[in-house]
Structure formats: C-alpha cells, structure tokens
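Contents: one structure, followed by commentary.
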Amino acid sequence: MTVLHLLCEYLPAPIGVGTRSPRFSWTVDTEKTLRQTGFRIEIFHAATKEKIFDSGFAETSAQMFRAENLPLEIQSRYEWTLSVRFSDGSVQQSRAEFETSFFSPDDWFDDWVTPVWVHIPPKDQSVTFLRGEFEAGEPERIIRARAYIGATTGIHGNATARMNMYRFRINGQPVCDDVLNPGQLSPRRGRALVRTFDILPFLREGKNAAGVIYISAKISIRILLEYSDGIIRRFSVRDGEWFKRPRGPFVRLWTNEIAEFDGKSEHYDARLEFTGWDLPGFADLDGWQPVRCVSAPDILAPQMQSAAPFLRKRNPALTRFPDGTAVADFGENRNGFVRIRTTGPAGTQIRLNYAEAVDADGRIDPMSTLSAQMEQSMHHDIFWKRTDAPEFYEPSFALHGFRYVEISGMPEVSPDDLEAVYTMSSVNAGFQFQCADPHIQTLMEFCLRSCQSNLMSVPTDCCTRERLGWGADAASVSRFESAVFDLRLFYEKWFHDIADDQGSDGNLQVLAPFAIPVSCTALPWSRGFLAIAKDAWEQYGDRTFLAENYPMFRRFGKYLERITGPDGLSKGHCAFSDHYAKDQPDEVFLENAHVLNSFQLLAEFAGILGSSDDAEFWNVCAERRKSAINRHLRNGLSYGNATQSEAVHALCFRIVPESGRAALLEELCRQLGEDGFIRTG
20 MTVLHLLCEY LPAPIGVGTR SPRFSWTVDT EKTLRQTGFR IEIFHAATKE KIFDSGFAET
80 SAQMFRAENL PLEIQSRYEW TLSVRFSDGS VQQSRAEFET SFFSPDDWFD DWVTPVWVHI
140 PPKDQSVTFL RGEFEAGEPE RIIRARAYIG ATTGIHGNAT ARMNMYRFRI NGQPVCDDVL
200 NPGQLSPRRG RALVRTFDIL PFLREGKNAA GVIYISAKIS IRILLEYSDG IIRRFSVRDG
260 EWFKRPRGPF VRLWTNEIAE FDGKSEHYDA RLEFTGWDLP GFADLDGWQP VRCVSAPDIL
320 APQMQSAAPF LRKRNPALTR FPDGTAVADF GENRNGFVRI RTTGPAGTQI RLNYAEAVDA
380 DGRIDPMSTL SAQMEQSMHH DIFWKRTDAP EFYEPSFALH GFRYVEISGM PEVSPDDLEA
440 VYTMSSVNAG FQFQCADPHI QTLMEFCLRS CQSNLMSVPT DCCTRERLGW GADAASVSRF
500 ESAVFDLRLF YEKWFHDIAD DQGSDGNLQV LAPFAIPVSC TALPWSRGFL AIAKDAWEQY
560 GDRTFLAENY PMFRRFGKYL ERITGPDGLS KGHCAFSDHY AKDQPDEVFL ENAHVLNSFQ
620 LLAEFAGILG SSDDAEFWNV CAERRKSAIN RHLRNGLSYG NATQSEAVHA LCFRIVPESG
680 RAALLEELCR QLGEDGFIRT G
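In this note's numbering, the protein residues as written are 20 to 700.
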C-alpha cells in the first residue's frame with residue numbers, strides 16, 4: 020500500500036499558496052482487495068510545530084479535501100500529515116509541506132513601482148530596468164530564501180496584453196526560464212499575480228543584487244531570508260537603494276499603430292547593455308532614477324503556474340540562398356522561439372523572420388503567420404552583436420509560432436548555431452499515446468502538438484495571430500485537453516480573467532482576457548465558458564471550482580433571461596453565426612440553442628452545488644426556451660435552414676422532441692453520406 024502524490028493546491032510542496040482555504044489531494048496505490056475507507060489531515064506550523072488544524076478521521080473514500088479558513092500567516096512554512104485508513108483496518112501516514120505567499124493587497128500595500136516612460140510615444144517606449152541590493156550575511160546559515168514578484172498586465176493595454184511582463188535576475192543570473200509572467204490578464208479590475216521564486220541557489224555572502232526588467236503597469240518585489248537560528252529578514256523596494264531606468268538594449272518591442280503586434284518581435288542591441296546592472300556594487304547610475312512607490316493594485320492573487328520551455332530541437336535542415344540568407348526547417352509547427360549562436364564583428368545586425376510555411380522556392384511565406392496587418396505584423400527578432408566574439412541570443416519578450424526561420428545578416432550560419440525552444444504552460448506535457456494504426460498515431464500527435472502550442476496562460480486560438488482566449492474555440496477541445504493535460508490551475512486562473520471581464524449587465528465576453536471592451540455579442544462563444552466548466556468538473560471533480568464560478572455563471576443566466584423577447588426567443592446576439600460553416604444555419608435558431616444549453620448547464624451546476632431552488636429555476640427557463648424554439652423555428656423534420664449544424668445542435672442539446680430524434684438523426688446521416696464531409700463550422 021502506498022499513498023502517492025500528496026498535493027496542496029494541486030502542486031507538490033508549493034511555495035506560493037495564496038489562500039487560507041487550501042485544497043489537499045492525494046492518490047493511493049493498493050492491492051486490488053484493499054480500498055481507502057477514511058482519512059485524517061493535520062496541519063502544523065513548520066517553525067513552532069504548533070498544530071493549527073485537525074480534520075479528525077473522515078469516513079470516506081474521497082481523496083480531496085478543502086480546509087476552510089485556516090489561521091495561516093503570510094510568507095510562512097507549514098507541514099501537513101495525511102493518515103489514510105484502508106479496508107483491512109491498517110493506517111498509513113505521509114507528510115508534505117507548503118508555504119504561503121500573500122492573501123490580499125492589504126498584505127502588500129504601498130511598495131509598488133511603475134514604468135519610467137513619460138511623454139514618449141508608445142511605439143518608442145520599451146522596458147524598464149529595476150535594481151536594488153540587500154544583505155544576506157552568510158548563505159550557509161540561510162534555510163529558506165524567497166523572492167515574491169507581483170505584477171499586473173502591461174502599460175499599453177492591447178499592445179502588451181499577450182507579452183511576457185518581466186524577467187527576474189539575482190546576482191547576474193536568470194532565476195527562472197519562464198517566458199510568460201504573469202500571463203495574460205485583464206486590466207479592468209486591476210488584478211496582479213504574485214509568483215514565488217526560490218532564490219537560495221543564487222545568493223552569495225554579503226551584498227546581493229536583485230534586478231527586474233519589466234513592462235508591467237505596476238510591479239513589486241519582496242525578498243525573505245530565513246536563517247537556521249529562526250531569524251527572518253525581509254526586504255522590499257522601499258528598503259535601501261532601488262533605482263530604475265528605461266530601455267537599455269531593448270530598442271523596440273512593439274508598434275502601437277499595429278494591433279495584435281505585441282509579443283511578435285524584439286529588437287535587441289547588445290551594444291547598449293548596462294554591464295553589471297544586476298550585480299552588487301554597480302556604481303554607474305548615470306541615467307538611473309530613484310524609485311518612487313505607488314499603492315498596490317486592487318486584486319492580488321497567487322500565480323501558481325507559468326509558461327516555460329518544455330522541448331528543444333537542434334540541427335534543423337538548412338537551405339542557403341545566393342543573397343546570403345538561409346532558411347532553417349525544424350520540421351514541425353510549434354510555439355516558442357529560436358536560440359541562435361551569432362558570429363560576426365561587433366555591430367552586426369542579424370534578423371530572424373519566423374513562418375509556418377515556405378513558397379515553391381523554399382523562401383518563407385510571411386503570410387503564414389500574419390494578421391490583418393499583413394507584412395507589418397510579421398513575427399521577427401533583430402539582434403545587434405556587442406563584440407567580435409560569438410554571442411548567444413534568444414528573445415525575452417517575444418514568442419512565435421513557426422516551423423521555418425529565415426536568418427539574414429549572418430552568411431556563415433550553420434545548423435549547429437540554431438536551437439528551437441518550444442514553450443507551453445506548466446500543465447504536464449508528459450501524456451503518452453501509442454496506437455498500432457500509424458494514421459491514428461499521427462493524428463493524435465498533431466492534436467497534442469496543436470494543444471501544446473496554444474496552452475499559454477489561456478487557451479489561445481492560435482500562436483501566431485490573435486493569441487486570445489476565445490470561449491467557443493477553447494470549448495471545442497476542452498474535453499480532450501482536460502483529459503490529457505492537468506488543467507486545474509490553468510482553468511482556475513483563466514476563469515478569474517473571465518470574471519474580471521464580465522460585463523456589468525452580466526454578459527460574458529466572447530473572449531477573455533482582453534484589454535479593450537469587446538464590441539460584439541456572440542452567445543455561442545459566451546456559452547463556451549460554461550461548457551468548459553462542465554468538462555473540467557467531469558474530469559477533475561473539483562466542487563470548489565464550480566462554487567467559485569457559479570455566481571459569474573448565474574449573472575450570465577440572468578442576462579439571458581433579460582434579453583428574451585415576448586415570443587420566448589432572443590435575437591441579434593450571434594455575431595459570428597456558425598463560424599466558417601459551409602452552410603450557414605439560421606442565426607436565431609443558433610443563438611437560442613446556445614441559450615437553451617446555457618440554462619441546462621446552469622441547472623446542472625446548481626444541482627451539483629446543492630441549490631435546488633436555482634436548479635428548478637434554470638430547468639424551467641430551459642423548458643420554456645425549448646418550447647419556444649420548437650414552436651417558432653421547427654419546420655417539420657428540420658430546424659431553421661435545415662443545415663447539418665442545426666440538426667447537430669437539435670440532437671446534442673435535446674431540442675428535438677424524443678419522438679422526432681430518430682428521424683432527425685437518420686436525415687443527418689443521409690446528408691453526411693451524400694456530401695461526404697462535415698459542413699458545420
């Protein structure tokens with residue numbers, strides 16, 4: 020018998036828990052004749068060994084428990100003991116740890132900083148450098164060293180919404196390889212996420228330096244050092260000498276005139292680097308400004324995940340052209356960037372252009388990664404060498420969808436100089452699938468690759484163009500993704516974004532997060548968020564997730580009720596219809612089919628949460644809407660325009676009366692047989 024995978028907030032020994040009601044979960048590996056019959060959880064303060072919680076033995080086979088309203092302190096260590104009782108009467112005990120960070124803005128109020136930029140056109144703005152020093156004493160006496168970085172979304176709304184917001188360094192070294200901190204966030208409610216870093220491996224005796232390169236509208240850093248004698252020292256931006264300065268080598272990050280350009284390119288001139296800025300004793304402070312602190316953001320929440328490299332690929336096929344350019348083929352389309360070993364004299368400009376396809380001559384096709392702005396929004400990075408020696412470059416604030424990379428300015432490039440670095444959110448990319456049929460195996464590999472490329476803080480529609488969390492797009496794959504990846508924390512963060520962007524009228528936006536108000540209503544996209552929540556519930560069984568999001572869903576349901584007309588239907592809220600369907604369905608039918616299913620899902624959620632009154636109310640709403648659809652939009656056997664889309668919706672959402680299901684299904688199969696392909700969107 021073995022008790023495995025003790026998790027707190029779905030992580031092993033997390034160091035950044037931001038709730039006083041954490042969830043504990045585990046798995047049990049036993050002989051087939053044994054089963055779990057009960058459990059007990061005890062929680063202790065790690066420093067004092069004081070017991071702060073005891074659940075007592077719960078007679079249940081459940082392997083998840085939420086401890087409500089614990090007397091937890093910020094930035095503190097705790098131990099928890101799990102005792103599992105088995106059907107033979109035996110008890111096995113296991114122990115794990117967790118640490119807290121911060122619970123609210125009141126815990127971290129007034130030492131936040133803003134960017135330097137004032138009276139400078141947005142397209143000419145760039146990053147801000149922040150540095151400070153702190154005294155560590157003797158590192159061998161330190162048993163715990165943590166840095167907490169809180170950050171909001173960027174300073175330019177939609178022009179920074181999809182970018183990495185900061186890079187963190189200690190004593191000249193990067194602390195992590197994260198590529199998307201804190202992730203996509205909405206600016207509407209002033210949310211900041213706090214990420215906790217273990218910095219003990221980076222400390223040195225005496226003075227230490229912390230440095231952050233950032234784009235966030237507000238950012239802050241706090242440092243905690245705990246010594247073996249029990250002493251705890253804390254440092255913040257207010258303590259000591261902290262300075263900030265703009266730009267440096269990041270000469271261009273975005274073009275404000277071009278929508279969706281954020282995070283698509285980085286122009287980095289290594290000749291402009293502030294040498295030693297992130298080391299203790301840096302004295303060249305000409306151009307650096309003393310920090311002036313501002314108040315905290317309105318919401319402070321833990322950042323429990325980031326996006327980081329998970330796969331690297333070297334030695335691409337290389338095609339050279341007479342003009343000195345070369346095109347590298349890495350063999351597959353993914354999300355990430357290229358790390359390049361550059362050669363040439365100081366000042367050499369090297370440009371990397373990214374693409375998903377090439378033309379007949381083997382040149383990259385810039386149209387393959389573009390939005391409506393065409394060539395202006397091409398994914399690219401530019402690097403200027405600092406010295407005559409070989410130098411490595413990889414972008415810090417740009418990510419790209421690509422298979423091919425065109426290299427110009429470096430005629431002697433070789434495959435050994437290039438490495439593709441593929442990135443995704445930390446959602447367990449280790450899923451394995453094997454099938455004897457090579458076609459099915461290849462299809463599954465394509466599906467996994469597509470999902471991996473688009474799980475980036477939010478489930479994006481693509482990794483090259485919009486890179487946004489569209490509700491219907493994500494719902495179309497959420498059942499698959501929630502089964503093959505661990506999306507519990509991923510969805511939790513994203514649904515906070517969805518709630519932040521919910522309209523004052525209760526409507527859910529078609530996508531979230533988004534930096535500017537969305538000017539259209541498309542209820543099939545809004546309903547997608549409820550469908551995703553259902554898939555998450557069926558896969559993970561986390562009642563807390565449903566309970567936290569039900570108020571948002573309930574407001575949406577009330578909005579759907581308010582827009583209903585005298586005939587029992589709503590109209591004019593289906594902006595995208597059945598997107599890219601070969602045969603377009605009647606939009607009134609499509610809209611009301613998704614309204615009906617929203618009511619059905621709301622009734623199901625209310626029932627799970629034990630709200631019988633709400634469940635009854637939503638069931639009544641659903642039956643009324645179904646009756647209205649059948650009364651006004653049914654034409655004999657079919658609905659609306661008699662398309663495949665309408666038939667599928669009528670069957671899936673159980674709109675068609677039971678007596679007509681078989682005939683409608685037969686008609687749908689007949690259409691599919693005649694057409695030979697699916698005509699839905």
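Virtual Cβ for every residue (Gly too), placed ideally from N, Cα, C.
In this text, all values refer to a predicted model and were calculated from it rather than measured experimentally.
Span separating the alpha-carbon of residue i from that of residue j
i: E438; j: F421; result: 13 angstroms
i: F514; j: S433; result: 45 angstroms
i: N200; j: G655; result: 54 angstroms
i: L527; j: V146; result: 33 angstroms
i: T479; j: K226; result: 43 angstroms
i: L565; j: M429; result: 54 angstroms
i: S617; j: R546; result: 6 angstroms
i: F499; j: L272; result: 35 angstroms
i: Q460; j: Y599; result: 28 angstroms
i: F254; j: S497; result: 42 angstroms
i: L467; j: Q453; result: 13 angstroms
i: S239; j: G202; result: 16 angstroms
i: F591; j: A180; result: Note on identity: in this sequence residue 591 is Gly, with Phe being the wrong assignment. Cα to Cα, the separation comes out at about 29 angstroms.
i: I234; j: I318; result: 19 angstroms
i: G173; j: V103; result: 46 angstroms
i: C539; j: Q471; result: 29 angstroms
i: A32; j: K601; result: 51 angstroms
i: D516; j: Y29; result: 20 angstroms
i: K70; j: Y97; result: 10 angstroms
i: E10; j: P309; result: Residue 10 lies beyond the range of the chain shown here (20 to 700); nothing can be said about it.
i: V198; j: T49; result: 40 angstroms
i: V639; j: E623; result: 12 angstroms
i: A494; j: G350; result: 29 angstroms
i: V313; j: A236; result: 11 angstroms
Residue i: first and last residue of the uninterrupted alpha helix (DSSP H) it sits in
i: Q460; result: 457–473
i: V270; result: Unbroken run through V270 is the beta strand (DSSP E), 269–271; no alpha helix (DSSP H).
i: D492; result: 490–494
i: G173; result: That residue, G173, is in no alpha helix (DSSP H); it is neither H nor E in DSSP.
i: L683; result: 677–694
Nearest to residue i (by Cα), restricted to the options the options
i: G108; options: P41, R382, T133, F58; result: F58
i: S630; options: G490, P570, A408; result: P570
i: L222; options: Q453, I648, D297, L272; result: D297
i: I620; options: Q521, P585, D554, L588; result: Here residue 620 turns out to be Leu, not Ile, going by the sequence shown. Checked all of Q521, P585, D554, L588; the closest Cα to L620 is D554.
i: P265; options: R333, W136, R405; result: W136
i: P220; options: T52, L542, L244; result: L244
i: L628; options: V529, I34, F572; result: F572
i: G209; options: Y185, G176, M182, D217; result: G176
i: V231; options: R186, F349, S80; result: R186
i: E610; options: R207, P543, P676, Y246; result: P543
i: R484; options: S664, A315, N354; result: N354
Boundaries (first-last residue) of the beta strand (DSSP E) holding residue i
i: Y510; result: It is not in any beta strand (DSSP E) - Y510 instead sits in the alpha helix (DSSP H) that spans 507–520.
i: A115; result: 110–118
i: A164; result: 161–170
i: F216; result: 210–217
i: R370; result: 368–374
i: F402; result: 399–403
i: C27; result: 21–27
i: F411; result: 410–412
i: A666; result: It is not in any beta strand (DSSP E) - A666 instead sits in the alpha helix (DSSP H) that spans 663–671.
i: E425; result: 419–427
i: A228; result: 226–233
i: F148; result: 147–154
Any C-beta of chain B under 7 angstroms from that of residue i
i: G343; result: Judged by its chain identifiers, the structure shown contains no chain B, having just a single protein chain.
With three or more beta-carbon pairs closer than 8 angstroms as the criterion, would you say the stretch 324–341 touches the stretch 287–295?
Contact between the stretch 324–341 and the stretch 287–295 is absent, because fewer than three Cβ pairs lie under 8 angstroms.
Please give me, in chain order, every unbroken run of the alpha helix (DSSP H) with length at least 4 that falls completely inside the stretch 516–577.
Listed in chain order, they are 542–559.
Please confirm if the stretch 360–372 is in contact with the stretch 417–431, defined as three or more CB-CB distances below 8 angstroms between the two stretches.
With contact defined as three or more Cβ pairs closer than 8 angstroms, the stretch 360–372 and the stretch 417–431 are in contact.
Flag this pair as touching only if the stretch 116–125 and the stretch 299–309 have three or more C-beta atom pairs under 8 angstroms; answer yes or no.
In this structure the stretch 116–125 does not touch the stretch 299–309; the number of beta carbon pairs closer than 8 angstroms is below three.
Contact between the stretch 144–163 and the stretch 68–87 (3+ Cβ pairs under 8 angstroms)
For the pair of segments examined, the stretch 144–163 was found not to touch the stretch 68–87: the number of CB pairs separated by less than 8 angstroms stays below three.
Along the chain, which unbroken stretches of the beta strand (DSSP E) at least 3 residues long are found entirely within the stretch 269–352?
Within the stretch 269–352, the runs of beta strand (DSSP E) at least 3 residues long that lie entirely inside it are, in chain order, 269–271, 284–288, 318–321, 326–333, 336–339.
Taking only runs of the alpha helix (DSSP H) that begin and end inside the stretch 603–650, which ones reach a length of at least 4 residues, in chain order?
As far as the stretch 603–650 is concerned, its whole alpha helix (DSSP H) runs of at least 4 residues are 606–627.
Cβ pair count under 8 angstroms reaching 3, the stretch 668–687 against the stretch 576–584:
Segments in contact, no.
With three or more C-beta pairs closer than 8 angstroms as the rule, is the stretch 201–216 touching the stretch 147–156?
The stretch 147–156 vs the stretch 201–216: no contact.
Which runs of the beta strand (DSSP E), 3 residues or longer, sit entirely within the stretch 45–80?
Runs of the beta strand (DSSP E) spanning 3 or more residues and lying entirely within the stretch 45–80 occur at 55–64, 70–73, in chain order.
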